[in-house]
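Going down the list, the sequences are from chains E and D. Going from the first sequence to our numbering is simple: count from 1 and add 4. Going from the second sequence to our numbering is simple: count from 1 and add 6. What follows is a set of notes on a single structure, which appears directly below.
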Amino acid sequence: MLQAVDCFLEAVEVLFGKKMEIMEPGAVEVPRLRTDCETLIAVGLSNKNWQGLTVVASSMVSFTDLVGDDSPEQVYDAMGEVMNTTAGCFAAIPEIVYKYGELTQGVPMRMGVGTAFPKADSMEAILKLGSGHFYFGLAIRPVLRLNF
Amino acid sequence: MTKKIIIVDDSNFLAKQIKAFMENEMGFDIVAIGRDGNDAIDLYKQYQPDLLTLDLTMPNKDGKAAIWEILQEYPKAKILVISAVKGRTMVECLKMGARNYIEKPLRFADALFIDEFKETILSVINDE
Chain E
5 MLQAVDCFLE AVEVLFGKKM EIMEPGAVEV PRLRTDCETL IAVGLSNKNW QGLTVVASSM
65 VSFTDLVGDD SPEQVYDAMG EVMNTTAGCF AAIPEIVYKY GELTQGVPMR MGVGTAFPKA
125 DSMEAILKLG SGHFYFGLAI RPVLRLNF
Chain D
7 MTKKIIIVDD SNFLAKQIKA FMENEMGFDI VAIGRDGNDA IDLYKQYQPD LLTLDLTMPN
67 KDGKAAIWEI LQEYPKAKIL VISAVKGRTM VECLKMGARN YIEKPLRFAD ALFIDEFKET
127 ILSVINDE
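Put into structure tokens, the structure is as follows:
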């Protein structure tokens with residue numbers, strides 16, 4: 005799970021030429037994803053047995069600085085591509101394929117404040133770039149089905 | 007004659023990068039840019055380009071469905087998949103008839119990647 009943030013860091017470096025640092029205590033496993041950041045961009049991952057979510061969150065000011073474009077649409081577009089790349093990289097990690105199977109990813113989504121994804125295998129990390137802070141999280145849980 | 011290229015990717019950010027590369031590094035003419043599988047099919051019919059670059063994960067209609075529909079009508083279409091999706095899907099696209107597959111992220115700052123990317127593009131365009 006913890007390799008997920010490495011996929012994100014690589015995507016940011018390749019797409020924007022910028023290196024983020026992971027803040028202490030580093031990437032940690034958590035029972036749910038939770039952030040108070042105002043702007044979230046996410047990509048879903050799933051197969052018949054598992055559903056997952058990878059998310060980055062921060063302020064629009066920090067995203068604008070990272071992307072280098074002050075148009076919100078361009079920010080969402082560029083960060084969507086970062087998350088798309090991150091999800092693809094994560095889903096291809098051999099240990100992840102072994103544990104969860106082949107995960108299919110969805111298109112990037114913008115989400116609201118305070119999203120949680122409980123009852124999941126999850127990890128999160130706070131990342132720093134200049135004066136900006138970014139929340140990165142990834143969670144996978146069994147598909148929730150109703151039994152009739 | 008200048009090669010005609012269509013780029014299809016739901017990320018405008020990435021489509022612009024690919025366009026700049028194709029125009030500046032390879033001297034190609036980008037005749038259209040699409041955002042989903044429906045655009046890929048419609049634009050292919052309209053322009054019948056020398057090369058279609060195609061993302062897979064897109065809204066409305068994905069790249070795999072577009073590959074199938076385009077090749078049904080244009081079996082000689084030259085499609086290069088550019089996607090973050092790896093693994094079995096990659097193999098499925100090639101079995102369906104896509105000519106080659108480039109994994110995202112596109113490392114335009116890496117000289118080795120640029121050489122490989124150019125070589126792959128030319129091998130698809132020149133492949134009869």
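Here a beta-carbon is modelled for each residue, glycine too, at the ideal position from N, C-alpha and C.
Between the CA atoms of residue j and residue i - distance to the nearest angstrom
i                     : j                     : result
residue 26 (chain D)  : residue 20 (chain D)  : 10 angstroms
residue 16 (chain D)  : residue 53 (chain D)  : 19 angstroms
residue 63 (chain E)  : residue 75 (chain D)  : 41 angstroms
residue 8 (chain D)   : residue 147 (chain E) : 50 angstroms
residue 74 (chain E)  : residue 68 (chain E)  : 5 angstroms
residue 12 (chain D)  : residue 111 (chain E) : 21 angstroms
residue 111 (chain D) : residue 40 (chain E)  : 29 angstroms
residue 152 (chain E) : residue 90 (chain E)  : In this prediction, residue 152 (chain E) scores a pLDDT of 48, lower than 50, which makes its location untrustworthy; no coordinate-derived value is stated.
residue 131 (chain E) : residue 83 (chain D)  : 44 angstroms
residue 37 (chain D)  : residue 102 (chain E) : 42 angstroms
residue 87 (chain E)  : residue 127 (chain E) : 15 angstroms
residue 48 (chain D)  : residue 126 (chain D) : 25 angstroms
residue 17 (chain E)  : residue 137 (chain E) : 16 angstroms
residue 97 (chain D)  : residue 23 (chain E)  : 32 angstroms
residue 118 (chain D) : residue 28 (chain E)  : 35 angstroms
residue 9 (chain E)   : residue 21 (chain E)  : 17 angstroms
residue 58 (chain D)  : residue 34 (chain E)  : 43 angstroms
residue 116 (chain D) : residue 22 (chain D)  : 18 angstroms
residue 76 (chain E)  : residue 18 (chain D)  : 13 angstroms
residue 79 (chain D)  : residue 25 (chain E)  : 50 angstroms
residue 38 (chain E)  : residue 95 (chain D)  : 32 angstroms
residue 19 (chain E)  : residue 46 (chain D)  : 24 angstroms
residue 99 (chain D)  : residue 15 (chain E)  : 24 angstroms
residue 97 (chain E)  : residue 24 (chain D)  : 26 angstroms
residue 31 (chain D)  : residue 51 (chain D)  : 26 angstroms
residue 81 (chain D)  : residue 78 (chain E)  : 36 angstroms
Residues near residue i in its chain [Cβ-Cβ closer than 7 angstroms; skip 5 each side]
i                     : result
residue 124 (chain E) : 36, 143, 144 and 145
residue 10 (chain D)  : 35, 37, 53, 55 and 56
residue 100 (chain E) : 94
residue 29 (chain D)  : 36
residue 61 (chain D)  : 14, 15, 16, 69, 88 and 89
Of the listed residues the options, nearest to residue i (C-alpha basis)
i                     : options                     : result
residue 41 (chain D)  : D:32, D:33, D:29 and D:63   : D:63
residue 48 (chain E)  : E:129, E:33 and E:108       : E:108
residue 106 (chain D) : D:117, D:123, D:10 and D:51 : D:123
residue 102 (chain D) : D:77, D:14, D:23 and D:51   : D:77
residue 134 (chain E) : E:9, E:45, E:8 and E:66     : E:66
residue 128 (chain D) : D:14, D:33 and D:23         : D:33
residue 115 (chain E) : E:45, E:129, E:80 and E:8   : E:45
residue 80 (chain E)  : E:113, E:14 and E:26        : E:113
residue 39 (chain D)  : D:100, D:14 and D:61        : D:14
Contacts around residue i, its chain only, beta-carbon distance under 8 angstroms, and the 5 residues preceding and following it disregarded
i                     : result
residue 104 (chain E) : 51, 53, 54, 56 and 144
residue 133 (chain D) : 84 and 105
Beta-bridge partners of residue i, as assigned by DSSP
i                     : result
residue 106 (chain D) : D:86
residue 58 (chain E)  : E:47 and E:142
residue 34 (chain E)  : E:126
residue 25 (chain E)  : E:132
residue 12 (chain D)  : D:38 and D:58
residue 5 (chain E)   : In the DSSP output, where bridge partners are listed per residue, residue 5 (chain E) has none listed.
Residue i and residue j closer than 8 angstroms at C-beta
i                     : j                     : result
residue 131 (chain D) : residue 56 (chain D)  : yes
residue 94 (chain E)  : residue 43 (chain E)  : no
residue 90 (chain D)  : residue 84 (chain E)  : no
residue 71 (chain E)  : residue 82 (chain E)  : yes
residue 114 (chain D) : residue 120 (chain D) : yes
residue 106 (chain E) : residue 93 (chain D)  : yes
Close-in-space but distant-in-sequence residues of the same chain around residue i (CB under 6 angstroms, 5 per side omitted)
i                     : result
residue 12 (chain E)  : 90 and 140
residue 104 (chain D) : 73, 85 and 87
residue 6 (chain E)   : 31 and 127
residue 66 (chain D)  : 42 and 44
residue 71 (chain D)  : 43
residue 129 (chain E) : 9, 26, 31 and 140
The ligand GDP heavy atom lying under 7 angstroms from the CB of residue i
i                    : result
residue 87 (chain E) : The ligand GDP is not among the ligands present in this structure, which contains no ligands whatsoever.
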